[in-house]
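Have a look at the structure below before the remarks.
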Amino acid sequence: MEERVVSMELTHTLAICWSLVRASVRGQMQYRTSFIMEVAAGLAYQSVGFLFVWAILSRFQALGGWTLEEIAMLYGIRLTAHGLYMLFFSNLFRIDDFVREGGYDRLLVRPLPALLQLMFTAVRVTVLGDLIGGVVILGAALARVDVVWTPAHALLLALAILGGALIDGAFQIGPAALTFRFLESWPLRVIFDDVFSRFGNYPTSILDRPARNVLTFIVPMAFMAYLPASTLLERETFLPLWVGWLAPAVGAVMFVLALWVFARASRGYQSSGH
Amino acid sequence: MSLSLPRARPLPTTWRVHPGFVACVMASIRRTYAYRARFLLWLTRTMAQLYLLRMIWMSVYDGRDAVDGIPAGMLIVYLTVAMLQEFLIQPVIVFEIDQRIMRGTVATDIVRPIGFMWQMLGLELGGLLGRAPVLLLAVPVAMVVGSLTLPPTQEATIGYAASLVLAYGISVLVWMLVGLCSFWMTSIHGLRFLLFTVEGFLAGALVPLWFLPDTLRTVLALLPFQGMVFLPISIYIGQTTGGDILGALAVQLFWVVALSVVAVLVWRRARWKLVVQGG
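Quick note, the sequences are listed as chains F and H, same order.
Residue numbers for the first sequence follow numbering that gives the first Met the number 0, beginning at 0 and rising by one.
Residue numbers for the second sequence follow numbering that gives the first Met the number 0, beginning at 0 and rising by one.
Encoded structure:
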């Protein structure tokens, strides 16, 4: 009897989430031209980033020993992971305004966990640009790259993307907890987003040692794409080859930690009183 | 005792600049200092970008002293100066014009004592003057993250100074034209974001144009963007010398003139649209 209740509650929750998403998408599709322009702008952003890589590698054959296809795979994994995270959590970037203007109180009185509501009430369809861009680049790369595609390697690729999304999420949701205490967290979130978007698409090995160590052991950016990709290519890094397989585990641990921090901070939430 | 109104004094002839213009400049300068947190954030992100670019370029240079005749050290100076210059000449009114149209305040703007476009230029100039001292704070950081040296010759210094002024002109005009699109488009967000994204690459701030494949380089040579970064900084580092400096300045001057003509024509049309149709 209890299992039936639990599964009905879960289905109910999922149904609400789906309705929220549909409402949000419908709303955005009203501004058709603006929507198209923003998706195009997003795609252009990805393209220019990759254009830069292409331009350099058309003159120099390799970057840190990685050829164009290999960098494209790295790029594609990171971008797809980021797109996957953004698909669910793109609305999180507005949390500062939300909490400050008392919108968070509204969430608390609804029959759905606040974080889920934050995730689904304003799915910005334009973030599809990130996901599409990532998949396209990854697809093009996988066709050309020199990887032996065993079932294990295919699994690693999928897990790497999932792990990357979880790491991305951890370093957005975790800092977002600061909003409950300080009414803003955007500087920290923007910095993490910047570091991951900027440095994450390149082999971490090209950085100098202090930076490389920070971005592997303290903020595990290297696990988002570089280490799994190195494992797939069977390319030596400063760590053993099997470390790439740790990516999903690292992601899961960081994500759960971030959720815990967020939940903890939200309990200390004092409404700004609207 | 006769009551006489004080005689209206004409504007002193030494004061050749319209006080309305000065007011816009001063307002813009003050506003720059209101955004201190944003400056810190900009500085952090730009230095991160500079660091990454240096790592990428050093990686492809792979220990070689020079590639295609460009020494490694010179390349890093190029990238560093490009970053600093980009901060200095960043656009202001491309964010102003569409806001004023959306809020309708443009209606009051056009009845002010000086023309709308002069007000906008005042805001731009004020932004530049406000940022200049702030730039000095960025220089020491840039020297550590990248590499900064003075131009190698007097010719390079003078050439760069002239080229920088023209580069600023091109930048103001290009972004002004983007801003003017607000009179015809409901939202220029997408267009603006798009242009911000590609501008760095097209201008040669990420990959100096010497390294680009010929076809791409030819295309970029036909666009005004190279006049914003590549041409001036190529002079700065002493890569463009002698008569070539004059050639570069001529190209920049051409764009300043051409874009000014276009801007005036577009503005006339926009103003007509505003007055006749109410925006």
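All C-beta atoms in this analysis are idealised placements derived from N, C-alpha and C, irrespective of residue type, glycine included.
Since the model is a prediction, treat every value here as computed from it, not as a measurement.
Around the Cβ of residue i, are there at least 16 other Cβ atoms within 10 angstroms (buried) or fewer (exposed)?
i: leucine 256 (chain F); result: exposed
i: isoleucine 244 (chain H); result: buried
i: glycine 246 (chain H); result: exposed
i: arginine 63 (chain H); result: exposed
i: methionine 119 (chain H); result: buried
i: tyrosine 74 (chain F); result: buried
i: phenylalanine 94 (chain H); result: exposed
i: tryptophan 241 (chain F); result: exposed
i: glutamate 235 (chain F); result: exposed
i: proline 231 (chain H); result: buried
i: tyrosine 34 (chain H); result: exposed
i: phenylalanine 49 (chain F); result: buried
i: threonine 239 (chain H); result: buried
Output yes or no for whether 7 Å exceeds the beta carbon distance between residue i and residue j.
i: valine 228 (chain H); j: alanine 257 (chain H); result: no
i: valine 218 (chain H); j: leucine 194 (chain H); result: no
i: leucine 231 (chain F); j: valine 135 (chain F); result: no
i: leucine 83 (chain H); j: tryptophan 56 (chain H); result: no
i: leucine 206 (chain F); j: glycine 128 (chain F); result: no
i: methionine 223 (chain F); j: glycine 243 (chain F); result: no
i: tryptophan 117 (chain H); j: phenylalanine 20 (chain H); result: yes
i: alanine 159 (chain F); j: isoleucine 76 (chain F); result: yes
i: tryptophan 336 (chain F); j: aspartate 95 (chain F); result: It is not possible to answer for residue 336 (chain F), since the shown part of chain F is limited to 0 through 273.
i: isoleucine 169 (chain H); j: valine 255 (chain H); result: yes
What residues in its chain sit with their C-beta under 7 Å from that of residue i, if we drop five residues either side in the sequence?
i: serine 259 (chain H); result: Leu172
i: alanine 202 (chain H); result: Phe224, Gln225, Met227, Val228 and Phe229
i: alanine 221 (chain F); result: Thr203, Leu214 and Thr215
i: arginine 93 (chain F); result: none
i: glutamate 68 (chain F); result: Ala140, Arg143 and Val144
i: leucine 208 (chain H); result: Arg216, Leu219, Gln225 and Phe229
i: cysteine 180 (chain H); result: Ile187 and Leu190
i: alanine 26 (chain H); result: Gly125
With distance defined between alpha-carbon atoms, name the residue in the options nearest to residue i.
i: valine 16 (chain H); options: H:Ser181, H:Pro212 and H:Pro112; result: H:Pro112
i: serine 46 (chain F); options: H:Arg216, H:Phe200 and H:Ser233; result: H:Phe200
i: tryptophan 41 (chain H); options: F:Leu187, F:Ala22 and F:Ala39; result: F:Leu187
i: histidine 81 (chain F); options: F:Trp53, F:Gln60 and F:Leu137; result: F:Leu137
i: alanine 246 (chain F); options: F:Tyr44, F:Ile166 and F:Ala61; result: F:Ile166
i: leucine 130 (chain F); options: F:Thr66, F:Val38 and F:Thr32; result: F:Val38
i: phenylalanine 210 (chain H); options: H:Phe115, H:Ala65 and H:Gln89; result: H:Ala65
i: alanine 36 (chain H); options: F:Glu183, F:Arg263, F:Val98 and F:Thr66; result: F:Glu183
i: valine 144 (chain H); options: H:Leu52, H:Asp67, H:Val110 and H:Leu128; result: H:Leu52
Give me the Cβ distance between residue i and residue j, rounded to the nearest whole Å; I'm assuming they're in contact under 8 Å.
i: arginine 189 (chain H); j: methionine 36 (chain F); result: The amino acid at residue 189 (chain H) is misidentified as arginine; the sequence shows glycine. 3 Å between Cβ atoms; contact.
i: threonine 31 (chain H); j: arginine 99 (chain H); result: Contact doesn't hold; Cβ gap of about 18 Å is too wide.
i: leucine 87 (chain H); j: leucine 134 (chain H); result: 5 Å
i: valine 59 (chain H); j: isoleucine 55 (chain F); result: 6 Å
i: glycine 162 (chain F); j: valine 249 (chain F); result: 6 Å
i: serine 57 (chain F); j: proline 212 (chain H); result: 5 Å
i: leucine 49 (chain H); j: threonine 79 (chain H); result: 6 Å
i: methionine 175 (chain H); j: isoleucine 92 (chain H); result: 6 Å
i: leucine 122 (chain H); j: cysteine 23 (chain H); result: 5 Å
Less than 6 Å separating the Cβ of residue i from some heavy atom of the ligand MN?
i: leucine 245 (chain H); result: Absence of the ligand MN from the depicted structure is noted, as is the absence of any ligand whatsoever, leaving it without description.
Got a sec? Which residues, its chain only, sit under 8 Å from residue i by beta carbon, not counting five neighbours each side?
i: glycine 237 (chain H); result: Met73, Pro150, Pro151, Thr152 and Ala155
Quick one: what's got a C-beta closer than 6 Å to residue i's C-beta in the same chain, skipping five residues either side?
i: histidine 273 (chain F); result: Because histidine 273 (chain F) sits at a pLDDT of 46, beneath the cut-off of 50, its placement in the model cannot be relied upon, and the following sentence gives the value as read from the coordinates. Contacts found: Gly101.
i: serine 265 (chain F); result: Phe179
i: glycine 173 (chain F); result: Ala257 and Val260
i: valine 105 (chain H); result: Arg99
i: isoleucine 96 (chain H); result: Gly178 and Ser181
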